[in-house]
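K.L.:
With positions in the sequence shown counted from 1, the corresponding number in our numbering is that position plus 22.
Let me begin by handing over the structure; questions about it come next.
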Amino acid sequence: MAEQQSSGVPKWVNRMMSGILRSPLHGMVSDKILLITFTGRKSGKPYSTPVSYTRRNGELLVFTHGKWWRNLRGGAPVKVRVQGKDLQGCAEPVDTDTAAIAAGLADHLRHAPGDAKFYNVTIGENGVPNADEIARAAEDTVMIRIQI
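See below:
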């Protein structure tokens with residue numbers, strides 16, 4: 023299975039994280055990172071990539087600057103490995119609704135403030151991400167909603 027390169031993350035980091043998420047050691051990271059597996063639209067090959075996630079309203083939210091999300095346009099079946107369990111789901115990218123992306127990203131960064139640096143967002147002393155920076159980040163970020 024091919025590993026899909028995420029924007030700005032070295033391949034070796036993704037390989038290492040994928041291995042950890044598939045191992046009994048997943049508990050070190052699986053509360054914030056999942057492994058998503060999807061099929062390439064043109065190649066038909068399965069791809070997997072580790073991504074940070076948040077649970078919200080019964081769905082999983084994933085954010086990316088990479089191009090791999092294009093394989094999910096129009097909704098696509100995916101397999102996610104979450105907290106040591108393989109689950110089937112349907113992923114739907116949100117790439118034009120910047121208000122929805124901003125709201126989801128703000129929730130995500132409250133859950134995973136360490137990710138703020140990837141979006142050039144600062145987190146205030148109260149734990150709330152800067153709203154102007156969130157709005158700017160939403161312009162070039164894609165949110166993927168995964169229904170399990």
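Built from N, CA and C at the ideal position, the CB exists for glycine as well.
Tell me where the alpha helix (DSSP H) around Leu127 begins and ends.
P.N.:
Start at 1 with the first residue of the sequence shown, and residue 127 comes out as number 105. From DSSP, the alpha helix (DSSP H) with Leu127 extends over 120 to 133.
K.L.:
Could you spell out the range, first to last residue, of the beta strand (DSSP E) harbouring Ala98?
P.N.:
As a position in the sequence shown, residue 98 is number 76, starting the count at 1. Unbroken beta strand (DSSP E) run through Ala98: 98 to 104.
K.L.:
For Ala171, which of Leu43, Ser52, Ile58, Ala157 has the nearest alpha-carbon?
P.N.:
Summary: the structure shown does not reach residue 171, with the chain confined to residues 23 through 170, and so no result is reported for it.
K.L.:
My output table needs one value for Val143: the three-state DSSP class, helix, strand or coil.
P.N.:
On the sequence shown, position 121 is the one that residue 143 refers to. Here Val143 sits in coil by DSSP.
K.L.:
Short check: CB of Ser40 to CB of Leu57, under 7 Å?
P.N.:
Taking the sequence shown and counting its residues from 1, the one referred to as residue 40 is at position 18. Taking the sequence shown and counting its residues from 1, the one referred to as residue 57 is at position 35. Taking 7 Å as the Cβ cut-off, Ser40 and Leu57 qualify as a contacting pair.
K.L.:
Assuming Gly126 and Arg78 make a contact with CB atoms under 8 Å, what is their CB distance in whole Å?
P.N.:
For this step, residue 126 is matched to residue 104 along the sequence shown. For this step, residue 78 is matched to residue 56 along the sequence shown. 7 Å between Cβ atoms; contact.
K.L.:
Is it buried or exposed for Thr118, if we count other Cβ within 10 angstroms and need 16 for buried?
P.N.:
If you number the sequence shown from 1, residue 118 lands on position 96. Looking at its Cβ environment, which holds fewer than 16 other Cβ atoms inside 10 Å, Thr118 is exposed.
K.L.:
Express the C-alpha separation of Glu147 and Lys64 in angstroms, rounding to a whole number.
P.N.:
Translated into positions along the sequence shown, residue 64 becomes position 42. Translated into positions along the sequence shown, residue 147 becomes position 125. Between Lys64 and Glu147, the C-alpha separation is close to 46 Å.
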